[in-house]
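Chemist: Counting from 980, one number per residue, gives the positions in the sequence shown under our numbering. For glycine and all other residues, C-beta sits at the position ideal for the given N, C-alpha and C. Being a predicted model, the structure only gives us computed values, none of them experimental.
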Amino acid sequence: MVAQLQTPSLNVPSDLPYSVPGLVQVFTSGQRNFFTDVMAQALRIAGQGTSVLIVQFLKGGINQGHDRPMQLGENLNWVRCGLPGCINSSDIDESQKNSLLDLWHYTQAVVAEGRYELVVLDELSLAVNFGLIPETEVLDFLEKRPPNLDVILTGPNIPEEILNIADQITEIRRSHRP
980 MVAQLQTPSL NVPSDLPYSV PGLVQVFTSG QRNFFTDVMA QALRIAGQGT
1030 SVLIVQFLKG GINQGHDRPM QLGENLNWVR CGLPGCINSS DIDESQKNSL
1080 LDLWHYTQAV VAEGRYELVV LDELSLAVNF GLIPETEVLD FLEKRPPNLD
1130 VILTGPNIPE EILNIADQIT EIRRSHRP
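#1: Using the DSSP secondary-structure output, state which residues sit across from F1006 in a beta bridge.
#2: Since G1081 is in the alpha helix (DSSP H), which residue starts that stretch and which ends it?
#3: For the alpha helix (DSSP H) holding V1107, just list the boundary residues, first then last.
#4: How long is the line joining the alpha carbons of G1110 and E1116, rounded to whole angstroms?
#5: With distances taken between CB atoms, is the gap from R1059 to Q1075 smaller than 9 Å?
#6: If the criterion is Cβ atoms closer than 9 Å, does the pair L1032 and Y1095 meet it?
#7: Since A1145 and Q1004 should fall inside the 8 Å C-beta cutoff, what is the C-beta to C-beta distance between them, to a whole number of angstroms?
Structure follows, in C-alpha cells:
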C-alpha cells in the first residue's frame, strides 16, 4: 500500500567536512500509549527526505510481515510481524516466535545494507524482556549499526545496558492534573 503523499527530492550535497554521527534515542513509559509521538517524528523526518524504517515487533493483525511493508510516502517503510494478532507475553507458539525472529533478522539485514537513516524499533524492550530477542544481540546491533544511523527504541522497562549506551532518554509520564 502506498500513500498518495509525495515529497520533493532533497538531493542537496553536504558541505560538511565530516559526517554527523547517528544517535540512539530511547522513548520509554510505564504505559504503552506513546507511539503516536514517535510516529509523528518519523513522518516529519521522512517528509523532509530522510529514509525511515519503522519496525513494530509485537504488533500484527493487518497481514503485514516484513515481506509486505507498508510504504507511507516516498521515504517511510513500516513493517510488523506477520501475525494475525499481537504478542502480549512471552508465552507464544513456535510460529509466532519464528515470525518475530524473521522480523528481527530482516531489520538487521536492511540496517547493515545502509538503506535507512532513521530506524524506529517499537516495543523492542518488551521483546527483549519477554526473552524473545536476546539483549546481547540488540547491543551488538546498536554497536555495529552504520555510523550515521539514528535509532529510536521504544517501550517500557528498557534494559539498563541499552539505557547506558543511549545518547538521549525520554521518559513519558502522564500528567495527574485534573
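Modeler: According to the structure shown:
#1: For F1006, the pairing in a beta bridge is given by DSSP as T1133, T1149.
#2: Residue 1081 is actually Asp in this sequence, not Gly. Annotation: the continuous alpha helix (DSSP H) that includes D1081 extends over 1073–1091.
#3: Residues 1103–1108.
#4: Roughly 12 Å separates the two Cα atoms.
#5: 9 Å or more divides the Cβ of R1059 from the Cβ of Q1075.
#6: Result yes, Cβ atoms of L1032 and Y1095 sit closer than 9 Å.
#7: Going by Cβ atoms, the distance from A1145 to Q1004 rounds to 7 Å, so yes, they are a contact pair.
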